[in-house]
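See below for the structure under consideration.
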Amino acid sequence: MDIGKIVDFFYSRFFWRVCVLLPLFIAAITYLRGVYRDKFTPSEELPYYDIQPRAVEDTLRVIIVGDSWAEFHTNLSGDTILERAARRISRPPVRSWTRGKGGALTKEIYHYMFESLEHEYEEYADRCTQELIESHPDYCVLFAGINDAIFQRSLEYYQENMRLMIRMLLHHGIRPVVMQIPMVDAAWAIDYKPYLHRTAHHLKARLVGTRQNTIPKYREALTEMLASTRLKDSVLYIPADRWDKKGGWDEAKYISDRVHLNMHGYHVLDSCIAAEILSDWTKRHASRRKASGPGKD
Numbered sequence: 066m067d068i069g070k071i072v073d074f075f076y077s078r079f080f081w082r083v084c085v086l087l088p089l090f091i092a093a094i095t096y097l098r099g100v101y102r103d104k105f106t107p108s109e110e111l112p113y114y115d116i117q118p119r120a121v122e123d124t125l126r127v128i129i130v131g132d133s134w135a136e137f138h139t140n141l142s143g144d145t146i147l148e149r150a151a152r153r154i155s156r157p158p159v160r161s162w163t164r165g166k167g168g169a170l171t172k173e174i175y176h177y178m179f180e181s182l183e184h185e186y187e188e189y190a191d192r193c194t195q196e197l198i199e200s201h202p203d204y205c206v207l208f209a210g211i212n213d214a215i216f217q218r219s220l221e222y223y224q225e226n227m228r229l230m231i232r233m234l235l236h237h238g239i240r241p242v243v244m245q246i247p248m249v250d251a252a253w254a255i256d257y258k259p260y261l262h263r264t265a266h267h268l269k270a271r272l273v274g275t276r277q278n279t280i281p282k283y284r285e286a287l288t289e290m291l292a293s294t295r296l297k298d299s300v301l302y303i304p305a306d307r308w309d310k311k312g313g314w315d316e317a318k319y320i321s322d323r324v325h326l327n328m329h330g331y332h333v334l335d336s337c338i339a340a341e342i343l344s345d346w347t348k349r350h351a352s353r354r355k356a357s358g359p360g361k362d
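In our numbering, the protein residues as written are 66 to 362.
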């Protein structure tokens with residue numbers, strides 16, 4: 066063994082480059098794995114918290130949580146639209162409260178359910194929905210999934226986060242209202258972005274194997290999850306064609322970005338939600354009265 070060559074190797078530039086670059090490479094891979102886990106894997110189930118007893122009143126309490134569809138619902142006075150639509154149908158009266166965050170994925174929407182208005186960052190208060198859940202409403206409408214499709218999260222990501230939200234609401238005795246993802250123009254929404262943003266989006270989609278996922282596939286994934294977990298009968302599921310007969314982007318109901326509804330669109334959507342909730346409540350109320358027997362309620 067040539068000791069001199071060994072000594073020369075340890076003093077060589079190659080050796081020191083390896084000593085410096087290898088730890089940096091390992092650190093980068095570790096960091097990217099953490100980012101991948103955070104961004105592309107579904108949430109773990111979070112511990113439940115206690116909520117107040119449901120108020121004894123002749124009013125159906127409805128909350129709406131989710132992504133920008135919930136946020137726009139607030140900005141366009143959607144709660145008032147829904148309440149007025151319910152008033153035109155029948156009793157009982159309906160009260161509605163909405164809170165949402167633009168761009169939120171299903172994982173984030175689930176986590177927002179565990180964040181209160183006492184958040185350390187005041188600017189995040191508009192997304193925190195724990196307070197709405199703690200008020201113990203009768204129904205919770207979920208506007209969730211559009212961003213999973215646009216930003217190409219896996220079908221399993223969407224399924225698991227939706228399952229967690231539904232389980233959490235059912236645990237608290239709140240009836241989940243699951244909205245089928247509408248046929249927004251997701252491809253146009255991405256193509257409208259700057260070139261570098263589009264390129265990064267398509268590269269990420271290729272890397273995680275979700276490039277071919279389209280909104281119909283997310284729709285199928287949701288119905289499969291509801292069936293396989295036996296949650297189908299525990300939720301109020303509203304297919305998109307109940308309110309969107311055309312089944313796609315319609316300039317009469319959508320704004321120019323082809324993803325968000327305009328005021329008319331929310332009138333159509335909220336009228337449908339109000340009718341579906343009141344119909345569901347009437348059937349469930351009649352079943353409870355029948356089960357309780359004559360003279361009992």
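The beta carbon of each residue, even a glycine, is placed where N, CA and C say it ideally should be. Predicted, not measured: the structure shown is a model, and the values here were computed from it.
Exercise for review: Measure from the alpha carbon of histidine 201 to the alpha carbon of each residue in Arg218, Leu234 and Phe179, then state which is nearest.
Suggested key: Position 136 of the sequence shown, counting from 1, holds the residue named residue 201. Closest in C-alpha terms to histidine 201, from the list Arg218, Leu234 and Phe179, comes Leu234.
Buried versus exposed call for lysine 172 [16 or more other C-beta atoms within 10 Å across all chains shown]: The residue labelled residue 172 in the question sits at position 107 within the sequence shown. It counts as buried.
In the DSSP assignment, the alpha helix (DSSP H) including isoleucine 211 goes from what residue to what residue?
Indexing the sequence shown from 1 puts residue 211 at position 146. Element bounds for isoleucine 211: 211-215.
| task | Measure from the alpha carbon of lysine 318 to the alpha carbon of each residue in Ser352, His332, Ala305 and Ala135, then state which is nearest. | result | For the purposes of this step, residue 318 is taken as residue 253 along the sequence shown, with counting starting at 1. The closest CA to that of lysine 318, considering only Ser352, His332, Ala305 and Ala135, is found on His332.
From the DSSP output, read off the bridge partner residues of threonine 163. In the sequence shown, residue 163 corresponds to position 98, counting from 1. DSSP lists Ile129 as the beta-bridge partner residues of threonine 163.
Checklist line | Rounded C-alpha distance that separates leucine 343 from serine 219 | finding: What you label residue 343 is simply residue 278 of the sequence shown in a count that begins at 1. What you label residue 219 is simply residue 154 of the sequence shown in a count that begins at 1. Going by C-alpha positions, leucine 343 is about 34 Å away from serine 219.
Please state whether the Cβ-Cβ distance between aspartate 214 and alanine 251 is less than 7 Å. Here residue 214 refers to the residue found at position 149 when the sequence shown is read from its first residue. Here residue 251 refers to the residue found at position 186 when the sequence shown is read from its first residue. One detail in the question is off: residue 214 reads as alanine in this sequence, not aspartate. Yes; because the gap between Cβ atoms is below 7 Å, this pair is in contact.
How would you write the range of the beta strand (DSSP E) that tyrosine 204 sits in, first residue to last? As a first step, residue 204 must be located in the sequence shown, where it is residue number 139. Bounds of the beta strand (DSSP E) holding tyrosine 204 are 204-208.
Open item on the list: Taking only three categories from DSSP, how would you classify methionine 290?
Closed with: In the sequence shown, counting from the first residue as 1, residue 290 sits at position 225. In the three-state DSSP reduction, methionine 290 falls in the helix class (H, G or I).
Fill in: Length-filtered (3 minimum) beta strand (DSSP E) runs lying within the segment 279-339
Listed in chain order, they are 301-303.
Supposed close pair aspartate 191, arginine 164 - CB separation, criterion 8 Å: Within the sequence shown, numbered from 1, the residue matching residue 191 stands at position 126. Within the sequence shown, numbered from 1, the residue matching residue 164 stands at position 99. Yes, aspartate 191 and arginine 164 are in contact; Cβ-Cβ is about 7 Å, under 8 Å.
- Message: Considering only their Cβ atoms, is the gap separating arginine 228 from threonine 288 smaller than 7 Å?
- Response: The residue given as residue 288 occupies position 223 in the sequence shown. The residue given as residue 228 occupies position 163 in the sequence shown. Note that the C-beta distance between threonine 288 and arginine 228 is not below 7 Å.
Checklist entry - Among all the DSSP beta bridges, which residues are the ones paired with methionine 244? => result Here residue 244 corresponds to residue number 179 of the sequence shown, with the count starting at 1. For methionine 244, which the question treats as bridged, DSSP gives the partners Ile303.
Burial state of lysine 297, where buried means 16 or more other Cβ atoms lie within 10 Å:
Along the sequence shown, read from residue 1 onward, the residue named residue 297 stands at position 232. By the Cβ neighbour-count rule, lysine 297 is exposed, with fewer than 16 other Cβ atoms within 10 Å of its own.
Coarse secondary structure for aspartate 250, derived from DSSP in three states:
Translated into positions along the sequence shown, residue 250 becomes position 185. In the displayed model, aspartate 250 falls within coil according to three-state DSSP, outside both helix and strand.
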